[in-house]
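Colleague:
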Amino acid sequence: MEELLKAEEERCVRKCNWNDRVRNLMKFRKNDHGHCSVPYRQSSLRVWANTQRTQFRKFVAGKASHMTLQRIKILNYFGFVWDAS
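Under this note's numbering, the first residue of the sequence shown carries the number 83, and numbering increases by one thereafter.
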């Protein structure tokens with residue numbers, strides 16, 4: 083998994099905090115709850131997670147998106163919840 087994260091860092095042209103957020107999500111999952119459903123009290127991480135869901139829907143619909151197959155693999159590996167409804 084670390085190899086995928088390193089490749090994602092190299093892919094980012096501008097300073098990219100996507101990997102930092104994924105690591106925050108990993109920490110949340112490991113230390114707090116054992117899942118990736120971020121509660122409201124984790125507001126900045128929750129906003130980021132919701133943005134990933136939005137970008138994923140755009141990606142699947144063939145619209146312009148920052149989501150990539152590599153990011154999807156990384157998030158799937160950690161059990162990311164794509165539909166939080």
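Ideal Cβ placement from N, Cα and C applies to all residues, glycine included. What you are looking at is a predicted structure, and each value in this text was computed from that prediction instead of being measured.
Helix, strand or coil: which one does DSSP assign to residue 150?
Modeller: Here residue 150 corresponds to residue number 68 of the sequence shown, with the count starting at 1. The answer is coil: DSSP assigns residue 150 none of H, G, I, E or B.
Colleague: Is residue 99 helix, strand or coil when you go by DSSP?
Modeller: Numbered from its first residue, the sequence shown carries residue 99 at position 17. DSSP places residue 99 in coil when its eight states are reduced to three.
Colleague: Taking residue 137 as the reference, give the member of 119, 153, 127 with the closest Cα.
Modeller: In the sequence shown, the residue the question calls residue 137 occupies position 55. Checked all of 119, 153, 127; the closest Cα to residue 137 is 153.
Colleague: Among the candidates 151, 167, 161, whose CA atom is the shortest distance from the CA of residue 109?
Modeller: The sequence position of residue 109 within the sequence shown is 27, counting from 1. Of the candidates 151, 167, 161, the one whose C-alpha sits nearest the C-alpha of residue 109 is 161.
Colleague: Taking 8 Å as the threshold (C-beta atoms), are residue 135 and residue 164 in contact?
Modeller: Counting from 1 along the sequence shown, the entry for residue 164 is found at position 82. Counting from 1 along the sequence shown, the entry for residue 135 is found at position 53. Remark: C-beta atoms of residue 164 and residue 135 approach each other more closely than 8 Å.
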